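Asks:
Protein chains: 4
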Amino acid sequence: MSTEMAIGRRDRNRIRNRNEILEAAQKEFSKNGYHDTSIQAIAIRADFAVGTLYQLFGTKENLYRELLVDYAEQARVQFADALSTGKTAYERLVNYVRAKGDLFEDRIPLARLILMETMGTGVLFKSGPKPELNLMYDVWHKILADIFEEGIESGEFRPVDAMGAAVALEGMTNQFIYHWQQEPDTFQYDRAVEQIEELFLKALRT
Amino acid sequence: MSTEMAIGRRDRNRIRNRNEILEAAQKEFSKNGYHDTSIQAIAIRADFAVGTLYQLFGTKENLYRELLVDYAEQARVQFADALSTGKTAYERLVNYVRAKGDLFEDRIPLARLILMETMGTGVLFKSGPKPELNLMYDVWHKILADIFEEGIESGEFRPVDAMGAAVALEGMTNQFIYHWQQEPDTFQYDRAVEQIEELFLKALRT
Amino acid sequence: MSTEMAIGRRDRNRIRNRNEILEAAQKEFSKNGYHDTSIQAIAIRADFAVGTLYQLFGTKENLYRELLVDYAEQARVQFADALSTGKTAYERLVNYVRAKGDLFEDRIPLARLILMETMGTGVLFKSGPKPELNLMYDVWHKILADIFEEGIESGEFRPVDAMGAAVALEGMTNQFIYHWQQEPDTFQYDRAVEQIEELFLKALRT
Amino acid sequence: MSTEMAIGRRDRNRIRNRNEILEAAQKEFSKNGYHDTSIQAIAIRADFAVGTLYQLFGTKENLYRELLVDYAEQARVQFADALSTGKTAYERLVNYVRAKGDLFEDRIPLARLILMETMGTGVLFKSGPKPELNLMYDVWHKILADIFEEGIESGEFRPVDAMGAAVALEGMTNQFIYHWQQEPDTFQYDRAVEQIEELFLKALRT
DNA sequence: GATGAATGAGACTTCATTCAT
DNA sequence: GATGAATGAAGTCTCATTCAT
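Chains as they are written, first to last, in the working numbering: chain X, 1031 to 1236; chain Z, 1031 to 1236; chain F, 1031 to 1236; chain H, 1031 to 1236.
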């Protein structure tokens, strides 16, 4: 009835295949990293022929990029949501930290890839600009800085450097997430949230 | 008479060659990362034959490992030094943060490699144990945690989770270093030190 | 009532499609040669699906063959026409040389393909017999030889080896055409015709 | 004793390998043409590993180019020799025609490649300038034209267009060589030489 | 001990061809 | 009849590693 229903079988198939391939790619790339993952391996896991991956994604690098961009978009949406939920800046930031943990929990295998790319050590960073992925670094810093700024202006926070606070918060969450990945049995992310509050956020309040 | 004096021309040569090769390897690996650096490229830059590299290091992976272990040892020494300088835990931690920045400043090209490896996304983390490099992650966390513990026991710091504080501090410094690498013109690491004090360390004091 | 009148819409469509595809194929093959032209590229230019091309032509090689055969037939007709126009053998041969130039002028992009194939270096010559294209080589030599023979028998030409004369004439025209393609700005084919007369044909006359 | 004796074993090996590979490449390329010959096939015939071919020649196209350039140089030398032997321009040209036949007889498999490239339908002509191979087309025309010019100036030949005569002669020889390749049992190149004299060269004389 | 030519497994990518819709 | 997504064999090229000199 709607225009969206006009999406044909062809297109639906295409999208389904695309997603299945991205799913397989995510698992393989996360396991061994970009260079030690072959297109063959992804194709086998996805149960498609190599040619199909190339028809849909063009190059290995592009498949990888699409994977991260897909994920970055999801993240952006969820984080924006978290950051707009809560009365105070403090609450919003806690929600963000929690959402970041949730995202990684849902898609644990992607965690290493994301950390790698956001830390600037990844594949995509080598070749020129990568506007799609800026979301993951610059823009996130900026968005967080805005929340800190808000809190400062409303008198909720001490007058600190908002961008510095944003960088610090990002660093902490990343490191806690990494720590959590390394020792999933003895460390829960819930404790990370608590500690970030305790060690950092509370101290910002006036 | 001592065994050390027994180092002959042979061994001295070997060591000199080893260092020249590691120097070249550092430059090449830092430029393009592990996978996009070939042994032949390193050999050319070092002005040795590939066979010589294989005689001294066995495999490409091992050459890379030795490089990082070398660096990790330097870092360990410098950090241990910084962490034992200063009267209070607070001062020692500030010295550590400063020393970390200095280390990266001295050897900027290695920075990406280190960040990559310490974030767990590097080559060496893939396969099995990597005790030498734990220095770079686990052990550092532990050493920092000990300092926080000291500060807590002496009443200098609030009774927080010491390991949590260590993780948080590592995360912050890494992120500031990364930020600094990205925007070397507008951001000085000195400001990072100040902000880490302002946002984090001061708030720990009783 | 006749079978020819029985050509229905179906068949007319089929022929129209066939021609559109051949047109596109000609452009693509001429641009990049046989091996560097893909069926998909032809399909896109012709605005048909690849499946349609395969339904009509079976294989890539066959599509190519049909293209050349089509062209060869056109050429045969035009050359036969030229060779039967003119009172003397001399005139007929001049007409032929002119017609050959005209043909290449009309369909310049095909020129390289034809030269390639007639020089025996093309795709179709590789595998076994290729009777359709003999038109383009053996048969042409023979037809020309017949004209020379006629001229000799009628006393118009000296008693030379007719086949040798035919081969020589073909070689000259091909080389002039090639020369002309290489330097279209400074060399006109009209001059080629004059020179072939001057250097070769006139000398044959008694 | 001479400096040439200073060529070491290494270099001698390298040159021998190079030649063996070129030999194998010549056979394979001549059999199936550039595109239908794989580096694998050449490597197997030459009894080297693929990597060795790549170490010595860089790319497939370059291996092919070297092959033709090597050959072109041989040809240039032999033709220059033939063209400088003989008292009259007529004799020199006959010597050239004969030398051309000899060259092709010695290295029959290369004939198709050479014709293909000199006719401008080959692989190397697609991508920009190819100065090395100009020897095979432009320069040869020019050199021949100079001989005709000489003959004209000395009064030995009629005052015809020298470049036209050169083009005509090249075309004839090429076509006779091709004809000869096609029917090696019934047609000897000796007859080609005679006929070129009879049909073309003699008629130029005053 | 040093050398570097030789190796060959394996990676990415293309594209002629098929076949279910 | 027409479509074009899917296929997978095959090709080019790289590079870690070896070993005869």
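Just so it is clear, CB atoms sit at the ideal spot from N, CA and C, and this is done for glycine as well. This structure is a prediction, so every number in the text was calculated from the model and none was measured.
Under 8 Å by Cβ, that's how I've got F/L1174 and F/E1200 pegged, so tell me the actual separation to the nearest angstrom.
Replies: Right, their Cβ atoms sit about 7 Å apart.
Asks: If we cut at 8 Å on Cβ distances, does Z/N1204 have a partner in chain X?
Replies: Yes - at least one Cβ of chain X is within 8 Å of the one on Z/N1204.
Asks: Do Z/L1140 and Z/Q1056 have their C-beta atoms closer together than 8 Å?
Replies: Cβ atoms of Z/L1140 and Z/Q1056: closer than 8 Å.
Asks: Could you spell out the range, first to last residue, of the alpha helix (DSSP H) harbouring F/K1090?
Replies: Taken as a continuous stretch (DSSP letters only), the alpha helix (DSSP H) holding F/K1090 covers 1090 to 1113.
Asks: Please name the residue or residues paired with F/F1281 in a DSSP beta bridge.
Replies: Not covered by the structure: residue 1281 of chain F. The range shown for chain F is 1031 to 1236.
Asks: Listing by chain order, which chain Z residues have their CB less than 7 Å from the CB of X/V1197?
Replies: By Cβ distance, chain Z contributes Q1205, F1206, H1209.
Asks: From F/L1098 to F/E1183, what does the alpha carbon distance come to, in whole angstroms?
Replies: Approximately 35 Å, taken between the alpha carbons.
Asks: Answer with yes or no whether the minimum CB distance from F/G1194 to chain H is below 8 Å.
Replies: Taking Cβ atoms only, chain H reaches closer than 8 Å to F/G1194, which makes this a yes.
Asks: Going along chain Z in order, which residues have a C-beta closer than 9 Å to the C-beta of X/A1233?
Replies: Chain Z residues near X/A1233: L1229, F1230, K1232, A1233, L1234.
Asks: Under three-state DSSP, which class holds X/Q1218?
Replies: Note: X/Q1218 maps to coil in three-state DSSP.
Asks: Just to make sure I have the definition right: I need the residues of chain F whose C-beta is within less than 7 Å of the C-beta of H/V1190. Which are they?
Replies: Chain F residues near H/V1190: E1228, L1229.
Asks: Examine chain X for any beta-carbon lying closer than 8 Å to the beta-carbon of Z/E1186, and answer yes or no.
Replies: No, its Cβ sits nowhere closer than 8 Å to a Cβ of chain X.
Asks: How big is the Cα-Cα spacing for H/V1127 and H/I1069?
Replies: Cα-Cα distance, rounded: 35 Å.
Asks: Please report the distance separating the alpha-carbon of H/K1160 from that of H/T1067.
Replies: Low local confidence applies: a pLDDT of 47 at H/K1160 is under 50, so the model's placement there is unreliable, and no value is given.
Asks: Which residues in chain F have a C-beta closer than 7 Å to the C-beta of H/E1200? List them in chain order.
Replies: Near H/E1200 (Cβ distances below 7 Å), the residues of chain F are Q1205.
Asks: What residues from chain X crowd round Z/Q1104, counting only those whose CB sits closer than 8 Å?
Replies: The premise fails here: Z/Q1104 is roughly 20 Å from chain X at the closest Cβ pair, so nothing lies under 8 Å.
Asks: For Z/A1119, which residues in the same chain have their Cβ closer than 6 Å to its Cβ, ignoring the five residues on either side in sequence?
Replies: For Z/A1119, where only same-chain residues beyond five positions count, the Cβ hits under 6 Å are I1177, E1180, G1181, E1186.
Asks: Please classify H/S1068: does DSSP put it in a helix, a strand, or coil?
Replies: In this structure, H/S1068 counts as coil in the three-state DSSP scheme.
Asks: Could you tell me if H/R1122 is buried or exposed, where buried requires 16 or more neighbouring beta carbons within 10 angstroms of its beta carbon?
Replies: Buried.
Asks: Give the DSSP-derived three-state secondary structure of F/G1038 in the structure shown.
Replies: Correct three-state label for F/G1038: coil.
Asks: Any idea if X/N1092 is buried or exposed, counting beta-carbon neighbours within 10 angstroms, 16 or more meaning buried?
Replies: The residue is exposed, with fewer than 16 neighbouring Cβ atoms inside 10 Å.
Asks: Look up Z/A1129 in the DSSP assignment and say whether it is helix, strand or coil.
Replies: Note: Z/A1129 maps to helix in three-state DSSP.
Asks: With 8 Å set as the bound, which would you pick, yes or no: does the beta-carbon of F/Q1225 sit closer than that to a beta-carbon of chain H?
Replies: Output row for F/Q1225: interface = yes.
Asks: Leaving out five residues before and five after X/Q1225 in sequence, what residues of the same chain have Cβ atoms less than 8 Å from its Cβ?
Replies: Cβ within range, chain order: F1206.
Asks: Can you tell which of F/A1105, F/R1221, F/D1132 has the C-alpha that lies nearest to the C-alpha of H/G1194?
Replies: For the residues F/A1105, F/R1221, F/D1132, the minimum Cα distance to H/G1194 belongs to F/R1221.
Asks: Which residue wins for smallest C-alpha separation from X/L1113, given the options X/A1129, X/V1080, X/D1100?
Replies: When each option's Cα is compared against that of X/L1113, the closest is X/A1129.
Asks: Among the candidates H/Y1208, H/T1216, H/V1197, whose CA atom is the shortest distance from the CA of F/F1230?
Replies: Among H/Y1208, H/T1216, H/V1197, the Cα nearest to that of F/F1230 is on H/V1197.
Asks: Pick from F/F1078, F/D1041, F/G1131, F/N1049: whose alpha carbon is nearest that of F/F1217?
Replies: If we check each option's Cα against that of F/F1217, F/G1131 comes out closest.
Asks: Under DSSP, the alpha helix (DSSP H) around Z/H1083 begins and ends at which residues?
Replies: Here the sequence assigns Leu to residue 1083 of chain Z, which means His is not the residue at that position. First-last of the alpha helix (DSSP H) with Z/L1083: 1080 to 1087.
Asks: When the Cα of F/G1063 is compared with those of F/K1090, F/Y1219, F/T1082, which residue comes out closest?
Replies: The shortest Cα separation from F/G1063 among F/K1090, F/Y1219, F/T1082 belongs to F/K1090.
Asks: Relative to the alpha-carbon of F/R1106, which residue among F/R1048, F/L1133, F/D1077 has its alpha-carbon at the smallest distance?
Replies: Among F/R1048, F/L1133, F/D1077, the Cα nearest to that of F/R1106 is on F/L1133.
Asks: Is the Cβ-Cβ distance between H/A1071 and H/E1058 less than 8 Å?
Replies: Result yes, Cβ atoms of H/A1071 and H/E1058 sit closer than 8 Å.
Asks: Start and end of the alpha helix (DSSP H) containing H/G1116?
Replies: That residue, H/G1116, is in no alpha helix (DSSP H); it is neither H nor E in DSSP.
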